[in-house]
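2 protein chains.
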Amino acid sequence: MKLLEERIRADGQVKSAEILKVDSFLNHQMDVKLFRAMGEEWKRLFDGCGVNKLLTIEASGIGIAAVAGLVFDCPVVFAKKGKSRNLADDVYSTEVMSFTHGGMNTVLVSKDHLRAGDRVLIIDDFLANGAALDGLLDLVQQAGATVVGAGIAIEKAFQPGGARIRARGCRVESLARIASMDPETGVVFC
Amino acid sequence: MKLLEERIRADGQVKSAEILKVDSFLNHQMDVKLFRAMGEEWKRLFDGCGVNKLLTIEASGIGIAAVAGLVFDCPVVFAKKGKSRNLADDVYSTEVMSFTHGGMNTVLVSKDHLRAGDRVLIIDDFLANGAALDGLLDLVQQAGATVVGAGIAIEKAFQPGGARIRARGCRVESLARIASMDPETGVVFC
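Here is the structure:
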C-alpha cells in the first residue's frame, strides 16, 4: 500500500537492521485517517469473504482494528494479556512469547465474544516472528471459528513469521512488506 | 447520553455494588458504531474548544479514542504502561495506582507527541477513583500543554474521582453517570 510505504519512508525511524520505530503515526501517536485508509484496503482485499468479526491483541493493534471495524461494519474484539493465575472457565487462552519485553504472556478471549460460526479477520500492527499471530490463530481455533485471514500493517519480511504462517494455509495481507532496512540507507520494501 | 445508558441497561452486567461488566460492547468486544456516536457527542460538547489532540491510556481507552479521533479529525496518543526500569529522557512519566490489578504502573508519553501549545481532550472508558485521569493530567501538565477537558464513557459517580477532578477545575463530561447499582435491581443513573 503506497500510502503506508510513503509514510514509513517519511516518518519511520530505522534504529537498526531489525528495529523500526513508527510511534509517531502507528503505535503511540495514531494517525487515525491513515488507519481508515488501511481499513479500506483490507476491506477491498477481503471483500466477499464474509468477515463478521475483527480480532486483535492489546495494546497497539486496538486502534487500528477499531477504525477498521467501522469500515467492515462489524464488532472488534481485542485479546487481553494477563497472568495465568486468574484464568476463568469462560475464556479461551494461549501463551505468547513477547520478543519486546521477554518472557511469556497469557493471552485470552472471553468465550462469549468468539464463537463457532464466526468468520474472523485478525488485525495487527506488526508481523515479525509471528508469535502474536500464532496465539490469535490458536484462540480462533479453540473457539471453532474460521480465520478468513490476517491483515497486517507492517511485515518484517526478513523475519520468519510471515512465510511460516502462510505455509500453514493462512492468508496474510500485509500493507507494507519490508525486505531489509538499515539506519544509513533506510527501508527497502519487497 | 441515552444511547449509552440504554446499552448499559441492556448488556451491562452488574456483578456487585461496585463492579459493572461491559465487556460485550466497551472494553473487550467493542461496538465501534457506538464509539462513533460517543465521539460525536463529545465533539458536540467540546465544540469550539480548539481540541487538536486526544490522549488516552492503554488498553481499553484506545479503541474509543481512536474512533473519536476520526470524529475530531486529529491525532490520538495513548499513554503506555511500563516498568520504570527503562525510562528514557525523551518521555514524560508518572505513577498510576491500578485498582484492578493492584500495585503501581509507570505511565509514559513520548515528549515528541505531547507539546506545549497542544489543546488536549483526555478520553477514557471509566472514571471511578480517578487515578488514571490524575496520571494523564499530570503528563499533560509536564508537557506544558492545555487540558480542554476529559471525555469519559462511564462514570461511577458514587466513587470520588469525578467530584475530586472537577474540583481541580477540569471539565469532565461523562456520557453515562451511575449513581448506584445492584445485582438485583440493576443500574440507577444520575
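Just so you know, the sequences run in chain order A and B.
If you count the first sequence from 1, position 68 lands on 68 in my numbering, and the numbers rise without skipping.
If you count the second sequence from 1, position 99 lands on 1099 in my numbering, and the numbers rise without skipping.
A virtual CB, placed ideally from N, CA and C, is assigned to each residue, including glycine.
Nothing here was measured: the structure is a model prediction, and the numbers come from that model.
* **Amino acids of chain B, ordered along the chain, whose beta-carbon sits closer than 9 Å to that of residue 104/A** => Taking the first residue of the first sequence as position 1, residue 104/A is located at position 104. The premise fails here: residue 104/A is roughly 16 Å from chain B at the closest Cβ pair, so nothing lies under 9 Å.
* Asked: In this structure, what does DSSP give as the bridge partners for residue 1146/B?
  -> As a working note, residue 1146/B is residue 146 in the second sequence. Beta-bridge pairing links residue 1146/B to 1119/B.
* **DSSP three-state assignment for residue 1015/B, whether helix, strand or coil** => Here residue 1015/B refers to the residue found at position 15 when the second sequence is read from its first residue. Looking at residue 1015/B - three-state DSSP - the assignment turns out to be coil, as it is neither helix nor strand.
* **Backbone CA spacing between residue 1010/B and residue 1022/B [nearest angstrom]** => The residue labelled residue 1010/B in the question sits at position 10 within the second sequence. The residue labelled residue 1022/B in the question sits at position 22 within the second sequence. Straight across, the Cα-Cα distance linking residue 1010/B with residue 1022/B is about 10 Å.
* **Beta-carbon contacts of residue 45/A that lie in its chain and below 7 Å, excluding the five residues immediately before and after** => As a first step, residue 45/A must be located in the first sequence, where it is residue number 45. Around residue 45/A: 173.
* **Proximal residues to residue 37/A (C-beta, below 6 Å), its chain only, five neighbours per side dropped** => Counting from 1 along the first sequence, the entry for residue 37/A is found at position 37. If we look at residue 37/A and ignore the five residues flanking it on each side, its Cβ neighbours are 3.
* Asked: Going by the CB atoms, is the gap between residue 1079/B and residue 1139/B shorter than 8 Å?
  -> Here residue 1139/B refers to the residue found at position 139 of the second sequence. Here residue 1079/B refers to the residue found at position 79 of the second sequence. Yes, the Cβ-Cβ distance between residue 1139/B and residue 1079/B is below 8 Å.
* Could you work out which residue in 1125/B, 1177/B, 1034/B is closest to residue 1158/B when comparing CA atoms only? => One-based indexing of the second sequence puts residue 1158/B at position 158. Checking every option, the nearest Cα to that of residue 1158/B belongs to 1177/B.
* Between the segment 1034–1051 of chain B and chain A, which residues of the former have CB atoms less than 8 Å from a CB of the latter, in chain order? -> 1035, 1036
* Note the first and the last residue of the continuous beta strand (DSSP E) segment covering residue 1173/B. => For the purposes of this step, residue 1173/B is identified with residue 173 of the second sequence, where counting begins at 1. Unbroken beta strand (DSSP E) run through residue 1173/B: 1172–1182.
* Should residue 74/A go down as buried or exposed, given a rule of 16 or more other Cβ atoms within 10 Å for buried? -> In the first sequence, the residue the question calls residue 74/A occupies position 74. The residue is buried, with at least 16 neighbouring Cβ atoms inside 10 Å.
* To do: Would you kindly work out how many angstroms separate the C-alpha atoms of residue 133/A and residue 1052/B, rounded to a whole number?
  => Counting from 1 along the first sequence, the entry for residue 133/A is found at position 133. Counting from 1 along the second sequence, the entry for residue 1052/B is found at position 52. Roughly 34 Å separates the two Cα atoms.
* Residues from the segment 1066–1077 of chain B in contact with chain A, defined by Cβ distance under 8 Å -> Under the 8 Å Cβ criterion, the segment 1066–1077 of chain B contributes 1066, 1067, 1069, 1070, 1073, 1075, 1076, 1077.
* To do: Can you tell me the Cβ-Cβ gap for residue 1077/B and residue 1131/B, rounded? I've got them flagged as a contact below 8 Å.
  => Start at 1 with the first residue of the second sequence, and residue 1077/B comes out as number 77. Start at 1 with the first residue of the second sequence, and residue 1131/B comes out as number 131. Going by Cβ atoms, the distance from residue 1077/B to residue 1131/B rounds to 19 Å, so no, they are not a contact pair.
* For residue 1058/B, three-class secondary structure by DSSP -> Position 58 of the second sequence, counting from 1, holds the residue named residue 1058/B. Coil, per DSSP.
* Leaving aside the five residues before and after residue 65/A along the sequence, list all residues of the same chain whose C-beta is less than 6 Å from its C-beta, in chain order. => The sequence position of residue 65/A within the first sequence is 65, counting from 1. 54, 56, 76, 123.
* Check each residue of the segment 6–24 of chain A: if its Cβ is closer than 8 Å to any Cβ of chain B, include it; give the result in chain order. => 23, 24
* Interface residues of chain A around residue 1148/B at Cβ under 7 Å? -> Within the second sequence, numbered from 1, the residue matching residue 1148/B stands at position 148. Here the premise fails: no neighbours, minimum Cβ distance about 18 Å.
* Asked: Shortest alpha-carbon distance to residue 7/A belongs to which of 170/A, 153/A, 43/A?
  -> In the first sequence, counting from the first residue as 1, residue 7/A sits at position 7. Nearest option by C-alpha distance: 153/A.
* Which value, in whole angstroms, describes the spacing of the CA atoms of residue 1141/B and residue 1102/B? -> The sequence position of residue 1141/B within the second sequence is 141, counting from 1. The sequence position of residue 1102/B within the second sequence is 102, counting from 1. Cα to Cα, residue 1141/B sits roughly 25 Å from residue 1102/B.
* For the putative contact between residue 1156/B and residue 1128/B, defined by C-beta atoms under 8 Å, what is the C-beta separation to the nearest angstrom? -> Counting from one through the second sequence, the residue named residue 1156/B turns up at place 156. Counting from one through the second sequence, the residue named residue 1128/B turns up at place 128. Yes, residue 1156/B and residue 1128/B are in contact; Cβ-Cβ is about 4 Å, under 8 Å.
* To do: Classify residue 24/A as buried or exposed, calling it buried when 16 or more other Cβ atoms lie within 10 Å of its own Cβ.
  => To locate residue 24/A, count along the first sequence from 1; it is residue 24. Buried, since its Cβ has 16 or more Cβ neighbours within 10 Å.
* To do: Locate the alpha helix (DSSP H) running through residue 1043/B, then write down its first and last residues.
  => One-based indexing of the second sequence puts residue 1043/B at position 43. Note, residue 1043/B: alpha helix (DSSP H), 1032–1045.
* What residue range is occupied by the uninterrupted alpha helix (DSSP H) comprising residue 161/A? -> In the first sequence, the residue the question calls residue 161/A occupies position 161. Counting along the chain, the alpha helix (DSSP H) containing residue 161/A begins and ends at 161–167.
* To do: Using a threshold of 8 Å, state whether the C-beta atoms of residue 41/A and residue 136/A are closer than that.
  => Translated into positions along the first sequence, residue 41/A becomes position 41. Translated into positions along the first sequence, residue 136/A becomes position 136. No Cβ-Cβ contact shorter than 8 Å links residue 41/A with residue 136/A.
* Within chain A, the residues that residue 1116/B reaches when beta carbons sit closer than 9 Å -> Translated into positions along the second sequence, residue 1116/B becomes position 116. The premise fails here: residue 1116/B is roughly 16 Å from chain A at the closest Cβ pair, so nothing lies under 9 Å.
* To do: Quick one: give me the first and last residue of the beta strand (DSSP E) that residue 191/A is part of.
  => Because chain A here runs from 1 to 190, residue 191/A falls outside it and cannot be looked at.
* Mind checking who residue 106/A pairs with in its DSSP beta bridge? => In the first sequence, the residue the question calls residue 106/A occupies position 106. 82/A, 95/A, per the DSSP bridge assignment.
* To the nearest angstrom, how far is it from the Cα of residue 183/A to the Cα of residue 39/A? -> The residue labelled residue 183/A in the question sits at position 183 within the first sequence. The residue labelled residue 39/A in the question sits at position 39 within the first sequence. Near 29 Å, if we compare the C-alpha coordinates of residue 39/A and residue 183/A.
* Asked: Is the shortest distance between the beta-carbon of residue 1062/B and the beta-carbons of chain A less than 8 Å?
  -> By 1-based counting over the second sequence, the position of residue 1062/B is 62. Yes, contact with chain A.
* Near-chain B residues of the segment 107–139 of chain A (beta-carbon distance less than 7 Å), N- to C-terminal order -> 110, 112, 113
* Taking 8 Å as the CB-CB cut-off, is residue 32/A touching chain B? -> Within the first sequence, the letter at position 32 stands for residue 32/A. With 8 Å as the cut-off, residue 32/A counts as an interface residue toward chain B.
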